[in-house]
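Numbering (the numbering used here), first residue to last: 13 to 300.
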């Protein structure tokens with residue numbers, strides 16, 4: 013199955029690169045898309061490109077080679093960027109939820125609340141928290157001893173499969189996973205839940221059905237991505253190490269590391285008139 017899998021994942025990776033690249037170019041080339049929502053979307057697309065690039069190229073090489081090898085330092089570096097970029101994705105999704113909250117619940121103050129300066133601070137805060145968390149976790153991982161099998165039963169250096177190989181006491185690492193990691197991932201997730209709760213309450217007060225649909229339709233794409241991303245992340249990481257399942261967790265991990273970044277451009281462009289217009293404008297510029 014390795015060659016067919018190589019072909020499938022290569023196509024998915026190329027679609028991810030092209031799709032997210034087009035989203036970034038379309039947003040930057042159309043001045044009407046220079047708004048907070050599309051600022052966060054372009055950064056989400058960039059993070060998705062980086063996120064998949066940390067994992068997929070090495071996986072593709074391993075699918076074609078007989079010896080599937082990664083150095084110890086390379087493994088820690090891959091783990092660091094995987095966690096940092098993945099967490100940044102979740103904070104960007106939370107920032108987009110805040111943007112929708114302000115746009116629907118407080119539209120008259122939207123330009124003041126979601127000013128360029130505050131959007132930039134949200135982006136920088138997302139990156140800083142994610143990289144600090146990732147650095148702390150990788151430093152803890154580097155203190156472990158690996159004296160038994162060195163075979164990682166996964167397609168990249170994910171935290172749970174690597175912890176399984178350690179002959180050291182992993183209690184501290186597991187405690188960090190279930191507490192500090194819970195805080196890092198749960199904070200943006202709770203922010204999204206709170207935002208949508210407020211949005212639902214506000215929308216239900218709109219008298220006309222058309223007005224309700226119009227308000228909800230601006231959130232549909234974002235909500236779809238949130239369900240895909242957080243559903244698989246919660247399934248993989250918020251269980252004890254003893255419940256880790258190689259096959260099931262690999263399938264769930266493929267969902268948020270490869271499938272979701274590939275689908276994001278389609279989800280955000282197919283039902284979005286502004287993005288469709290921006291993509292048509294970009295196509296016109298390329299053809300001319």
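Ideal Cβ placement from N, Cα and C applies to all residues, glycine included.
Please read these numbers as outputs of a predicted model, since none were measured by experiment.
How many angstroms separate the CA atom of residue i from the CA atom of residue j?
{"i": "residue 31", "j": "residue 179", "result": "43 Å"}
{"i": "residue 210", "j": "residue 181", "result": "44 Å"}
{"i": "residue 71", "j": "residue 85", "result": "17 Å"}
{"i": "residue 242", "j": "residue 201", "result": "8 Å"}
{"i": "residue 169", "j": "residue 44", "result": "41 Å"}
{"i": "residue 83", "j": "residue 281", "result": "39 Å"}
{"i": "residue 294", "j": "residue 78", "result": "43 Å"}
{"i": "residue 23", "j": "residue 239", "result": "24 Å"}
{"i": "residue 225", "j": "residue 269", "result": "32 Å"}
{"i": "residue 218", "j": "residue 231", "result": "16 Å"}
{"i": "residue 33", "j": "residue 184", "result": "40 Å"}
{"i": "residue 125", "j": "residue 116", "result": "13 Å"}
{"i": "residue 286", "j": "residue 36", "result": "13 Å"}
{"i": "residue 206", "j": "residue 272", "result": "23 Å"}
{"i": "residue 158", "j": "residue 174", "result": "9 Å"}
{"i": "residue 69", "j": "residue 119", "result": "43 Å"}
{"i": "residue 140", "j": "residue 277", "result": "25 Å"}
{"i": "residue 138", "j": "residue 129", "result": "14 Å"}
{"i": "residue 74", "j": "residue 98", "result": "22 Å"}
{"i": "residue 27", "j": "residue 275", "result": "9 Å"}
{"i": "residue 42", "j": "residue 133", "result": "23 Å"}
{"i": "residue 96", "j": "residue 61", "result": "13 Å"}
Just mark residue i as buried or exposed, buried being the case when its beta carbon has 16 or more other beta carbons within 10 Å.
{"i": "residue 56", "result": "buried"}
{"i": "residue 197", "result": "buried"}
{"i": "residue 123", "result": "exposed"}
{"i": "residue 150", "result": "buried"}
{"i": "residue 172", "result": "buried"}
{"i": "residue 127", "result": "exposed"}
{"i": "residue 112", "result": "buried"}
{"i": "residue 49", "result": "buried"}
{"i": "residue 59", "result": "buried"}
{"i": "residue 290", "result": "buried"}
{"i": "residue 220", "result": "exposed"}
{"i": "residue 38", "result": "buried"}
With distance defined between alpha-carbon atoms, name the residue in the options nearest to residue i.
{"i": "residue 203", "options": "224, 102, 228, 285", "result": "102"}
{"i": "residue 177", "options": "156, 222, 188", "result": "156"}
{"i": "residue 108", "options": "149, 278, 234", "result": "234"}
{"i": "residue 94", "options": "165, 218, 145, 163", "result": "145"}
{"i": "residue 89", "options": "222, 247, 39, 148", "result": "148"}
{"i": "residue 246", "options": "298, 162, 195, 16", "result": "195"}
{"i": "residue 105", "options": "199, 299, 215", "result": "199"}
{"i": "residue 154", "options": "191, 134, 100, 87", "result": "87"}
{"i": "residue 114", "options": "266, 290, 277, 212", "result": "212"}
{"i": "residue 135", "options": "75, 215, 96, 52", "result": "52"}
{"i": "residue 162", "options": "208, 81, 214, 299", "result": "81"}
{"i": "residue 188", "options": "152, 166, 292", "result": "152"}
{"i": "residue 76", "options": "21, 191, 214", "result": "21"}
{"i": "residue 54", "options": "16, 14, 131, 19", "result": "131"}
{"i": "residue 65", "options": "47, 91, 237", "result": "91"}
{"i": "residue 297", "options": "25, 14, 40", "result": "40"}
{"i": "residue 166", "options": "292, 15, 67", "result": "67"}
Minimum length 4: unbroken alpha helix (DSSP H) runs contained in the stretch 202–252: 221–229, 232–249
Minimum length 4: unbroken alpha helix (DSSP H) runs contained in the stretch 85–119: none
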